[in-house]
Amino acid sequence: MLEKKKVRVTGELPAKKMYLKPLYNFINQPKPVKIEKIIEEYNYSFSDRKLRELIGAVGTSLEEMGLVSITESGIISKRKNYVPTKQAVHYVVDLIRSELLEDGEITEDIACLVALLERSKIMKEYFSSFEQKEIRHKLKEIVNSDSGLLIKEMIDYIENLIAIMTVLTVMNTN
1 MLEKKKVRVT GELPAKKMYL KPLYNFINQP KPVKIEKIIE EYNYSFSDRK
51 LRELIGAVGT SLEEMGLVSI TESGIISKRK NYVPTKQAVH YVVDLIRSEL
101 LEDGEITEDI ACLVALLERS KIMKEYFSSF EQKEIRHKLK EIVNSDSGLL
151 IKEMIDYIEN LIAIMTVLTV MNTN
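Note that the sequence shown covers residues 1 to 174 in the UniProt record's numbering.
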């Protein structure tokens with residue numbers, strides 16, 4: 001549950017989401033955990049152990065589903081990299097197209113994913129200029145509708161999270 005820049009666990013982690021167990025365990029505390037603490041622990045700590053553990057759990061889950069292949073990189077210490085398969089990328093792009101370019105209901109997951117793609121400025125890699133314009137227009141319509149309140153909150157939250165991460169990065173480099 002998210003409330004006032006704090007997160008707390010309100011139930012058990014569903015079996016189909018076990019790849020999030022490392023993050024769930026970190027957040028599952030008696031008191032709500034500040035978003036900034038999570039960001040600091042996963043991005044700006046002296047050790048990247050927690051982040052590697054989470055990426056490993058998610059990556060292993062994706063590998064088991066056949067959505068990524070594993071490669072190794074690094075000269076001194078080898079690290080696993082998870083590279084999405086072409087089929088997985090095409091599936092997600094087609095899913096976005098079907099939900100945002102055709103009539104029908106748009107899931108929160110797709111709206112959130114599109115917000116991330118838009119914010120990271122990689123929409124042009126997957127969508128034509130026309131499609132990008134249509135997707136942005138549809139997303140604005142959704143955000144401005146009564147039923148799009150939760151999606152708007154998610155997009156605002158993502159943008160705030162990115163801003164917080166940017167500020168923390170600047171503070172840590174000075």
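Built from N, CA and C at the ideal position, the CB exists for glycine as well.
Rounded C-alpha distance that separates residue i from residue j
i	j	result
Val9	Glu3	11 Å
Val143	Ala115	11 Å
Leu113	Arg52	22 Å
His137	Glu118	12 Å
Asp48	Gly56	12 Å
Gln132	Thr107	18 Å
Extent of the continuous beta strand (DSSP E) run through residue i
i	result
residue 176	Residue 176 falls outside the range modelled here, since the chain spans only 1 to 174, and no answer is possible.
Asn28	That residue, Asn28, is in no beta strand (DSSP E); it is neither H nor E in DSSP.
Val83	79-84
Proximity to residue i [Cα-Cα], best of the options
i	options	result
Pro14	Tyr24, Lys5, Lys6	Tyr24
Gln29	Val7, Met18, Glu36, Lys17	Val7
Met123	Val93, Asp103, Glu141, Thr107	Val93
Contact with chain B by residue i, beta-carbon distance below 9 Å
i	result
Leu95	Among the protein chains of the structure shown there is no chain B, as only one such chain exists.
Residue i and residue j closer than 9 Å at C-beta
i	j	result
Val89	Tyr42	no
Ile75	Ile135	no
Ile155	Ala111	yes
Thr60	Tyr91	no
Residue range of the alpha helix (DSSP H) that includes residue i
i	result
Ala115	108-119
Gly56	49-64
Anticipated Cβ contact below 8 Å, residue i with residue j, distance rounded
i	j	result
Pro22	Leu54	5 Å
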